[in-house]
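Chemist: Chains as they are written, first to last, in the working numbering: chain Y, 8 to 151; chain R, 8 to 151.
There are 2 protein chains.
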Amino acid sequence: CQKCLRVYQRWSYLIQCILLCGCCLTISYTNFYLFAVNVLLNVKLSEDENGQYVSVLDLPGDVLIIPQATLGGKLKGRKMQYHANIEKEKGMELYSQFVTLCEKELAANAKCMEAGVLVKHGTYGNRQVLKLDTNGPYTHLVEF
Amino acid sequence: CQKCLRVYQRWSYLIQCILLCGCCLTISYTNFYLFAVNVLLNVKLSEDENGQYVSVLDLPGDVLIIPQATLGGKLKGRKMQYHANIEKEKGMELYSQFVTLCEKELAANAKCMEAGVLVKHGTYGNRQVLKLDTNGPYTHLVEF
Numbered sequence: 008c009q010k011c012l013r014v015y016q017r018w019s020y021l022i023q024c025i026l027l028c029g030c031c032l033t034i035s036y037t038n039f040y041l042f043a044v045n046v047l048l049n050v051k052l053s054e055d056e057n058g059q060y061v062s063v064l065d066l067p068g069d070v071l072i073i074p075q076a077t078l079g080g081k082l083k084g085r086k087m088q089y090h091a092n093i094e095k096e097k098g099m100e101l102y103s104q105f106v107t108l109c110e111k112e113l114a115a116n117a118k119c120m121e122a123g124v125l126v127k128h129g130t131y132g133n134r135q136v137l138k139l140d141t142n143g144p145y146t147h148l149v150e151f
Numbered sequence: 008c009q010k011c012l013r014v015y016q017r018w019s020y021l022i023q024c025i026l027l028c029g030c031c032l033t034i035s036y037t038n039f040y041l042f043a044v045n046v047l048l049n050v051k052l053s054e055d056e057n058g059q060y061v062s063v064l065d066l067p068g069d070v071l072i073i074p075q076a077t078l079g080g081k082l083k084g085r086k087m088q089y090h091a092n093i094e095k096e097k098g099m100e101l102y103s104q105f106v107t108l109c110e111k112e113l114a115a116n117a118k119c120m121e122a123g124v125l126v127k128h129g130t131y132g133n134r135q136v137l138k139l140d141t142n143g144p145y146t147h148l149v150e151f
């Protein structure tokens with residue numbers, strides 16, 4: 008897989024969710040998303056009640072997906088440029104695929120269904136209002 | 008400069024500050040920090056009252072620096088590994104230098120001194136409590 012998506016992952020202890028913020032760069036294959044969603048939902052970044060690290064599927068926890076086009080910015084002099092970002096229409100399509108795949112993965116997981124966990128997501132292309140309350144920013148950058 | 012520091016930058020519109028979250032990887036030269044601080048305080052990422060993008064020095068805005076060792080994580084299978092992170096003692100020393108340089112830059116800026124802007128920072132090596140309330144996550148990754 009080419010390095011074609013940056014995903015920023017933060018786990019909030021209070022709301023028991025994973026917050027994924029992605030910006031879409033050049034993407035060649037739809038299968039790539041299947042791989043990325045699988046990795047992100049299965050990486051052991053969530054702390055359970057015994058202090059063990061488990062995946063958000065195993066926790067199980069809610070998932071919050073936030074699009075952030077600014078993550079594709081490159082510094083040029085004193086300004087940020089976003090020329091590497093994908094065009095908006097294509098970005099919306101890929102973002103929608105990403106969200107749908109996350110929803111399907113959670114729906115196919117018995118533990119998640121039983122717990123009634125939710126996938127919530129922002130709107131691609133709009134400014135996102137965000138409030139966070141955490142006992143530790145727990146940010147990871149996963150490059151594919 | 009080698010790619011030796013990842014800095015995560017987010018601007019909160021409500022509290023008019025820049026939040027810098029860094030983790031220290033292998034650093035060779037102290038002068039590098041001077042360069043990094045200069046870039047970060049001068050990049051035009053803050054929106055003024057006329058909707059123009061200006062630097063945090065020109066706004067002027069408060070600066071919040073948050074250490075985040077988890078940014079140095081690399082995915083290995085389903086787990087995150089932090090082997091590339093610098094040892095804690097050296098990290099504390101470099102983090103302290105970074106904070107001091109930010110404070111000096113703001114203290115040397117007439118506009119910042121007049122406005123009485125503040126540099127606030129977290130404690131390296133401890134879990135940081137963080138609350139954010141923003142009308143748009145505005146995250147940038149600056150690699151040096």
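Every residue, glycine too, gets a C-beta built ideally from N, C-alpha and C.
1. In the structure shown, what three-state DSSP assignment does Lys-83/Y receive?
2. Excluding the 5 residues flanking Lys-83/Y on each side, which residues of the same chain have their C-beta closer than 8 Å to its C-beta?
3. Return the bridge partner residues of Val-61/Y from the DSSP annotation.
4. Using Cβ-Cβ distances below 8 Å, what residues of the region 56 to 75 of chain R are close to chain Y?
5. Could you tell me the distance, in whole angstroms, from the CA atom of Gln-104/Y to the CA atom of Leu-66/Y?
6. Which of the three DSSP states, helix, strand or coil, is assigned to Leu-47/Y?
7. For the region 73 to 107 of chain Y, which residues have a CB atom closer than 7 Å to at least one CB atom of chain R, in sequence order?
8. Could you list which residues in chain R have their beta carbon closer than 7 Å to that of Lys-118/Y, in chain order?
9. Given that His-128/R touches chain Y, what residues does it touch there, using C-beta distances under 7 Å?
10. Once DSSP output is grouped into helix, strand and coil, what is the label at Thr-141/R?
11. So that I know if they touch, is there some Cβ in chain Y lying closer than 8 Å to that of Leu-52/R?
12. By the criterion of Cβ-Cβ separation under 7 Å, what are the contact partners of Val-44/Y in chain R?
13. Mind checking if Tyr-40/R is an interface residue toward chain Y, Cβ cutoff 8 Å exclusive?
14. When Cβ atoms are compared, which residues of the region 131 to 148 of chain R fall closer than 8 Å to chain Y?
15. Measure the C-alpha to C-alpha separation of Lys-95/R and Gly-98/Y and round it to an integer number of angstroms.
16. Taking CB distances under 8 Å as the criterion, tell me whether Cys-31/Y reaches chain R.
17. Look at the alpha carbon of Cys-119/Y and the alpha carbon of Ala-43/R, and state the distance between them as a whole number of angstroms.
18. Between which two residues does the alpha helix (DSSP H) holding Val-106/R run?
Modeler: In this structure, then:
1. Here residue 83/Y refers to the residue found at position 76 of the first sequence. Residue state, collapsed to three classes: strand.
2. Taking the first residue of the first sequence as position 1, residue 83/Y is located at position 76. Within the same chain, Lys-83/Y has no close Cβ partners at all.
3. Your numbering for residue 61/Y matches position 54 in the first sequence. Partner(s): Ser-53/Y.
4. Tyr-60, Ser-62, Ile-73, Gln-75
5. The residue labelled residue 104/Y in the question sits at position 97 within the first sequence. The residue labelled residue 66/Y in the question sits at position 59 within the first sequence. Rounded to the nearest angstrom, the two C-alpha atoms are 24 Å apart.
6. Along the first sequence, one-based indexing puts residue 47/Y at 40. Correct three-state label for Leu-47/Y: helix.
7. Ile-73, Gln-75, Thr-77, Leu-78, Gly-80, Leu-82, Arg-85, Lys-86, Met-87
8. Numbered from 1 along the first sequence, position 111 holds the residue referred to as residue 118/Y. Residues of chain R passing the Cβ test: none, with the nearest at roughly 16 Å.
9. In the second sequence, residue 128/R corresponds to position 121, counting from 1. Within chain Y, no residue comes near His-128/R; the closest Cβ sits about 13 Å away, beyond 7 Å.
10. Position 134 of the second sequence holds residue 141/R. Three-state DSSP puts Thr-141/R in a strand.
11. Here residue 52/R refers to the residue found at position 45 when the second sequence is read from its first residue. So, interface residue.
12. Taking the first residue of the first sequence as 1, we reach residue 44/Y at position 37. Residues of chain R passing the Cβ test: none, with the nearest at roughly 14 Å.
13. Counting from 1 along the second sequence, the entry for residue 40/R is found at position 33. So no, Tyr-40/R is outside the interface.
14. Arg-134, Gln-135, Val-136, Leu-137, Lys-138, Leu-139, Asp-140, Thr-141, Asn-142, Gly-143, Pro-144, Tyr-145, Thr-146, His-147, Leu-148
15. Taking the second sequence and counting its residues from 1, the one referred to as residue 95/R is at position 88. Taking the first sequence and counting its residues from 1, the one referred to as residue 98/Y is at position 91. So the alpha carbons of these two residues sit roughly 40 Å apart.
16. For this step, residue 31/Y is matched to residue 24 along the first sequence. A caution first: Cys-31/Y carries a pLDDT of 46, below 50, which makes its placement in the model too unreliable to give a value.
17. Within the first sequence, numbered from 1, the residue matching residue 119/Y stands at position 112. Within the second sequence, numbered from 1, the residue matching residue 43/R stands at position 36. When rounded, the distance between both Cα atoms is 43 Å.
18. Within the second sequence, numbered from 1, the residue matching residue 106/R stands at position 99. 95 to 114 is the extent of the alpha helix (DSSP H) around Val-106/R.
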